[in-house]
Amino acid sequence: MSTPTQPAAPEPASGAAGTSTVTRPPRRRRGRSGAGRGLWFVLPASILLAALVLYPIIFSVIRSFFDAGGHFAGGANYVSLFTDPETLTAVKNNVIWVIVAPTVVTAFGLVFAVLTERIRWSSAFKAAVFMPMAISFLASGVIFRLVYDQDPNKGLANAIVVGVHDVFAKSSQYPGARPRDPKQLVSTDDGYRTAQARPAGATAVQLPLVAVPPDDIPDDAAQAETASGSGLHGTVWLDFKPGGAGKSSAIDKGERGLPGVEVQAVRDGTVVASTKTADNGTFAFPSLTSGSYTVQLPSSNFREPFDGVTWLSSALVTPSIIAAYIWIYAGFAMVLIASGLSTIPRDTLEAARIDGANEWKVFRYVTMPLLSPVLVVVMVTLVINVLKVFDLVYIMAPGSVQDSANVLALQMWRVSFGGGHNQGLGSAIGVFLFVLVLPAMILNIRRFRQEQR
Amino acid sequence: MRRSIPRTLTTFAAVAACSVLAACGGGGSGGGTGSTASPNNSPSSAASPSPSPSASEPAETGGGESGGSIEVDAVWSGAEAKTFKKVTDAFTAKTGIKVTYSSQGDNLPTVLGTKLAGGKPPDVAMLPQPGLLEQFAKKGQIRKADADVAAAVKKNYSSIWTDLGSVDGTLYGVWIDVANKSTVWYNTAAFDNAGISKAPKTWKQFVADANTLSDSGVSVPISIGGADGWTLTDWFENVYLQTAGPKMYDKLAKHEIKWTDPSVTKALTVLSKLWSNERLVGDPKKALQVDFPTSVTNVFKADAQSAIVYEGSFAAGVISSSTKAKVGSDAKFFPFPSIGGTKTAVVGSGDVAVAFTKNPAAQKFLAFLATPEAAEAMVSTGSFTSANSSLDPSAYPDPTIRAVGTQIVDAGNNFRFDMSDQAPAEFGATKGSGEWKDLQDFLANPSDISGAQKKLEADAKKAFK
Chain A
334 MSTPTQPAAP EPASGAAGTS TVTRPPRRRR GRSGAGRGLW FVLPASILLA
384 ALVLYPIIFS VIRSFFDAGG HFAGGANYVS LFTDPETLTA VKNNVIWVIV
434 APTVVTAFGL VFAVLTERIR WSSAFKAAVF MPMAISFLAS GVIFRLVYDQ
484 DPNKGLANAI VVGVHDVFAK SSQYPGARPR DPKQLVSTDD GYRTAQARPA
534 GATAVQLPLV AVPPDDIPDD AAQAETASGS GLHGTVWLDF KPGGAGKSSA
584 IDKGERGLPG VEVQAVRDGT VVASTKTADN GTFAFPSLTS GSYTVQLPSS
634 NFREPFDGVT WLSSALVTPS IIAAYIWIYA GFAMVLIASG LSTIPRDTLE
684 AARIDGANEW KVFRYVTMPL LSPVLVVVMV TLVINVLKVF DLVYIMAPGS
734 VQDSANVLAL QMWRVSFGGG HNQGLGSAIG VFLFVLVLPA MILNIRRFRQ
784 EQR
Chain B
4 MRRSIPRTLT TFAAVAACSV LAACGGGGSG GGTGSTASPN NSPSSAASPS
54 PSPSASEPAE TGGGESGGSI EVDAVWSGAE AKTFKKVTDA FTAKTGIKVT
104 YSSQGDNLPT VLGTKLAGGK PPDVAMLPQP GLLEQFAKKG QIRKADADVA
154 AAVKKNYSSI WTDLGSVDGT LYGVWIDVAN KSTVWYNTAA FDNAGISKAP
204 KTWKQFVADA NTLSDSGVSV PISIGGADGW TLTDWFENVY LQTAGPKMYD
254 KLAKHEIKWT DPSVTKALTV LSKLWSNERL VGDPKKALQV DFPTSVTNVF
304 KADAQSAIVY EGSFAAGVIS SSTKAKVGSD AKFFPFPSIG GTKTAVVGSG
354 DVAVAFTKNP AAQKFLAFLA TPEAAEAMVS TGSFTSANSS LDPSAYPDPT
404 IRAVGTQIVD AGNNFRFDMS DQAPAEFGAT KGSGEWKDLQ DFLANPSDIS
454 GAQKKLEADA KKAFK
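Protein sequences appear in the order of chains A and B. Residues 334 to 786, numbered by the working numbering, are exactly what the first sequence covers, in order. Residues 4 to 468, numbered by the working numbering, are exactly what the second sequence covers, in order.
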């Protein structure tokens, strides 16, 4: 009995609403369904947001209070976050990154943008500077790993450093050569010096050396011979026969003299004379006929060739990686700042020029203040970007210095997945990173709102 | 109008839901495979008189047909897979059992886990780590080897291989191939120039020869790839196996003794003496920048600055692919030198074949893998070496790989698996931390033996729980 009445009841109501007035019901309907419609429009986005953003954040926060095995650990993860030396290095490096990278990138971008405004081929130049943005971090990391290679024949950075260095300081003839007997020829700061002073002219001073690669011996080197003469004299030779045979510290057949070695005669700690060895390794000081001297082979003979800077050593690895980051992002900053520059009204600049301001003053007091909103946006965007830097560091730092190059995002990955299997601590680091990014985010959101108003 | 808006909304919502759940595309293709799979399944189930009771059933009785067939999973692809095909072909020719091989790459453990969870494991899989064997056996997911397999393993292998293929005294697997990580590679031209006619057998001779090489003008006689931590753990494992012996090695591998143990001190002291000698290994800071492939090419490239590099038999691959040197003439190897007169000991790795199903053909296959016949096919291309002691060494294609292989057989029960592979990855296999990092720090500062031991122990303690 109740069933027929129920459908009957709403019908008259809606019928009444529909028939009583023509204008009101659509309005009401529009108002009601307008709100409903709004909800419908928001729903897909909010479902996506909740599933992909909100849920992971909340879950990470919860997970950060549990240990690796999933047992409740309270704040233990956060304690180890600030006590673990590895994580502290990561925090320290992140601070360096955040201070240095955005500032330098923005500075470069500003310089490029201002300068390219004036040149003819500015689009070509901008395209070239922007190009690295088209390469992924991973690929850039691989490229820069090669740029920083220790071997100057492979690494561009060391090729430049070594090239410049060798212009000013020539490498020596016998790098790495050393005495056969370290007791006879003692190593000093100045080079190798005979342990005992020799009376001039009495006997030949034998100075056997080893560790000279066959390629280093000049072609005109001849069979070593025992020197003779009246003054202080002797022989410098390679006391190593190909094949390893021969008597130690004696001139054997087949052992060659080392030509062109500088030899110094030292008396009471001061060098009194110097000469060079002949093709058969002999040297002589005919003028030194009395007194006794120690003989010294100065270290300039044996200086190791300069093989550049170890860019990826623990001390230099972070600056080196930041440099790679600057290479990638300078174009990004340049493009944004250039577009900001183009919106600056020309008449303001001209007015300043007419008032007698020089170019620097125009830049400093007119362009810069007008540009500052853009600069802030670039900086903040870069700060957020730098805080999460991961791939460059992961790719570029060799395993042995990964600890020294560590950053929070990398540490988060390392403890969660890279062998640590401690997703609790990893989540704690993630939450910490989130907190660090928040101020920059809030600043950005505020700016957007201001701009909208 | 009123109607059309909700309709577009619902379609939009449906699209959104699809993109969220990724259900549309997946569901469609899933349905497609389902529909193609069912006609394939129905004739076979119709042909067999008994209705299939469960999903896992076909895999277990797949070999029920005459001749039968088995599915095999392993990590090998490319040339290695081709070599393995020779083994399976020989098996099929002998027994008529068909073998379907699929390569799972380095994901094998994950793939096996998924297949087991889905109730359809392969009949046989080659597990690349001893730890996996134990893990699967403890969960009861692999089948124990039958009497034929046990007899074949006992007959053709040193007793250690029965132990290594067993968990709690029950034999499960056959070690089908074993790699040798106790090989030291050298540049023959550099040795000739220095007048070293015989490769060193003892550690003392090894150090003396390195000094001779230095005298002859080789600036860094021993090349160390310190940028990769695992090369250093391999150094340590070889030295420790020599100085402490296999029993202590097993204990340290399981962390039953501490890293602060005097036996570790002894091994690190040996390494310290070598690594702190800049005349022999160069500047450690530079060595820490050299990765493994570079450490090999440094020895065999033109105008090489180094003459010796220690790493497993796979170094030969780098020599052939990245340098002009020829393995066997320009590049040769000697077994890791014996320290204090110990017998040949080999550190290595390998793949163990285990059965996951009750398919009788799987046991037949395992028994076949333990025969010299299978080993012969396995080693015939030079991709693999075998621990099968009944194998005629002439089956190896060239003298170098033959020597690598015979060294494994010679080591007999003195063979041990790579210790860092047996440890939790956190300790033994993580770039930039654990044992890798601790030994890198030790290479940077070889005089601090006790400091290195303390760090190793602290990290091991964290990882072994």
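From the three backbone atoms N, C-alpha and C, an ideal C-beta is built for every residue, glycine too. The structure displayed is predicted, hence computed values, not measured ones.
An exposed status is given to Asp601 (chain A), since fewer than 16 other beta-carbon atoms sit within 10 Å of its beta-carbon.
As for any beta strand (DSSP E) of minimum length 3 sitting wholly inside the segment 415-486 of chain A, there is none. Judged by DSSP in its simplified three-state form, Asp218 (chain B) adopts helix.
In this structure, the alpha-carbon of Val569 (chain A) lies about 39 Å from that of Trp238 (chain B). Following the DSSP letters along the chain, one finds Gly232 (chain B) inside the alpha helix (DSSP H) bounded by residues Gly232 to Ala256. Closer than 8 Å to the CB of Gln292 (chain B) there is at least one CB belonging to chain A. Non-local beta-carbon contacts of Gln556 (chain A) in its own chain, meaning distances under 8 Å to residues more than five positions away in sequence, involve Lys586, Gly587, Glu588, Arg589, Gly590 and Asn613 in chain order. Assigned with DSSP and collapsed to three states, His566 (chain A) falls in strand. Within chain B, the residues whose beta carbon sits less than 7 Å from that of Gly509 (chain A) are Ser222, listed in sequence order. Here Ala290 (chain B) has Ile227, Gly229, Val284 and Leu446 as same chain residues with Cβ atoms under 7 Å from its own Cβ, once five neighbours each way along the sequence are excluded. Within the DSSP secondary-structure output, Asn190 (chain B) pairs in a beta bridge with B:Ala334.
Beta-carbon to beta-carbon, Asp736 (chain A) and Lys440 (chain B) are separated by about 6 Å, close enough to satisfy the 8 Å threshold.
As for any alpha helix (DSSP H) of minimum length 4 sitting wholly inside the segment 737-780 of chain A, the runs are 741-749, ordered along the chain. For Gly351 (chain B), there is no enclosing alpha helix (DSSP H); the residue is part of the beta strand (DSSP E) that begins and ends at Val349 to Ala358. Under the 10 Å beta carbon count, Val768 (chain A) is surrounded by fewer than 16 other beta carbons and is classified as exposed. Taking 7 Å as the cut-off between beta carbons, the residues of the segment 625-647 of chain A near chain B are Thr643, Leu645 and Ser646, in sequence order. Contact holds between the segment 631-642 of chain A and the segment 481-499 of chain A, because three or more Cβ pairs, one in each stretch, are under 8 Å apart.
By the CB criterion at 8 Å, Arg526 (chain A) and Tyr626 (chain A) fall outside the cutoff. DSSP, reduced to helix, strand and coil, places Val75 (chain B) within a strand of the structure shown.
Interface annotation, Phe573 (chain A): in contact with chain B, CB-CB separation under 8 Å.
Contact between Thr173 (chain B) and Lys142 (chain B) does not hold, since the beta-carbon distance rounds to 14 Å and is not under 8 Å.
For Ala310 (chain B), no CB of chain A lies under 8 Å from its own CB, so it is not counted at the interface with that chain. Residues of the segment 536-554 of chain A with a C-beta less than 8 Å from any C-beta of chain B: Val543, Ala544, Val545, Pro546, Pro547, Asp548 and Asp549, listed in chain order. Between Lys367 (chain B) and Thr98 (chain B), the CB-CB gap stays under 8 Å. Residues of the segment 727-739 of chain A whose Cβ lies closer than 7 Å to any Cβ of chain B, in chain order: Pro731, Gly732, Ser733, Gln735 and Asp736.
DSSP places Tyr507 (chain A) in the coil class of the three-state scheme, outside both helix and strand. For Tyr411 (chain A), the three-state secondary structure derived from DSSP is helix. The C-beta of Arg589 (chain A) comes no closer than 8 Å to any C-beta of chain B. Asn391 (chain B) is not a Cβ neighbour of Ile163 (chain B), given a cutoff of 8 Å. For Asn159 (chain B), the enclosing alpha helix (DSSP H) has its first and last residue at Ala150 to Asn159.
By the C-beta criterion, the segment 148-159 of chain B is judged not to be in contact with the segment 321-341 of chain B, since fewer than 3 inter-stretch pairs fall below 8 Å. For Thr714 (chain A), the enclosing alpha helix (DSSP H) starts and ends at Met701 to Leu720. Between Ser397 (chain A) and Gly757 (chain A), the CB-CB gap stays under 8 Å. Judged by DSSP secondary structure, Gln443 (chain B) falls outside any beta strand (DSSP E) and instead within the alpha helix (DSSP H) spanning Gly437 to Ala447. Cβ neighbours of Lys459 (chain A) within its own chain (closer than 8 Å, five residues either side excluded): Phe445, Thr449, Gly664, Met667, Val668 and Ala671. Short of 7 Å from the beta carbon of Lys425 (chain A), and not among the five residues preceding or following it, lies no beta carbon of its own chain.
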